[in-house]
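Going by this note's numbering, the sequence shown opens with residue -1, and the numbers climb by one from there.
Beta carbons: idealized from backbone N, C-alpha and C, even for Gly.
Each remark here refers to the structure printed beneath this line.
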Amino acid sequence: MTKLGVASFEVALQDALSLGARALAWSESSGAPALVSAACDGRALVLGQLQREDTLRERSPARFENVQRRPTTGTEAWLEGEVVYHALALPRVSSLFADASARTLLNRNLRAILRGYSAAGVPLRYFGTEVLALLGHPVALVGYEQAESGAVLIEVWLGLQQPCVVRSALKREAPRSLSAVMGRELRGPELMYRAVSGIVERLQLETVEVALPAVALAAEALPKEPPAAVSIPLGVVEAAGSRITGDLLVSTAALARVEALAQSALDAGEPLTEAVLLPLQGAPLDGAKPADLLQALVFARQL
């Protein structure tokens, strides 16, 4: 039976923002998957790891209040009122589902979340974008990161009282809060514990205690110079020099190697070719194509 480290908290939103990185560190060191969850309350705009606040202000209808940043890539989440959060950390992509790969990282692994919520009476669906939907309405935002070790972190935010999805690539219905779609007021702690129990039961997992390590959350500074931008379904891919930013879902470890190859080509005065994209082979990338990244780099060189 697969073991799953499980920890659930009722904390302030600010404290929940650190749980993902800590769950990932625990999973890397223990070699076991972990599900760390939180029922929290607060108000913040939470940006994806690669999103530039300056350019996002020109593209997003979000309220830029109490701007925070999370360890996973992807698009911004507006969190207000009661929120349920899950961090699913895996030492490798296929730790929970043997058929999961870099290409199907979300499609396969989000089955854990979907099954847990189904058991809790909330039949969420995933249609291959950056959100989970209920009756077609985006009600949860998803982000991910893959570390240099190959370990994966998937973060899921669910807005119970206010919509947490600001901009969705899923255009079926408008984003709404979970309570609004369910037609009744949901309480964060109760829903969180029911969903976690559902995940464990549906996947037939053996739970183990998790002692989350302290993790320094110093994020690498994003470039300040004006970027070139290429439109993608999730928003944009941007490039300034050899640095790539934007709304894409990607392994930042693989992305750093792409940036290093691009910088070497720039330093040598050589053309930017598909060779700089080789680190993306076998790495997760969603919401954009490798060609979008190359195009952004080429456009940035022309600025």
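- With contacts defined by Cβ atoms closer than 8 Å, G3 and A30 form a contacting pair.
- Note on geometry: alpha-carbon atoms of L215 and S16 lie some 7 Å from one another.
- For secondary structure counted as the beta strand (DSSP E) over 3 or more consecutive residues, the stretch 204 to 228 holds these complete runs in sequence order: 204 to 207.
- Check the Cα spacing between L220 and each of W24, M(-1) and T53: the tightest is with T53.
- At a Cβ-Cβ threshold of 8 Å, S35 and V140 do not count as neighbours.
- Not a single unbroken stretch of the alpha helix (DSSP H) spanning 4 or more residues falls wholly within the stretch 233 to 258.
- In the displayed model, D97 falls within coil according to three-state DSSP, outside both helix and strand.
- For Y124, the closest C-alpha among the options A149, A167 and S93 is that of A167.
- In this chain, the beta strand (DSSP E) harbouring R67 covers V65 to R67.
- If the five residues before and after L132 are omitted, its C-beta is found closer than 6 Å to the C-beta atoms of L122 and V179, all from its own chain and listed in chain order.
- V9 has C38 as its beta-bridge partners, per DSSP.
- DSSP places A87 within a strand segment (E or B) once states are collapsed to three.
- E63 and L11 have their C-alpha atoms some 14 Å from each other.
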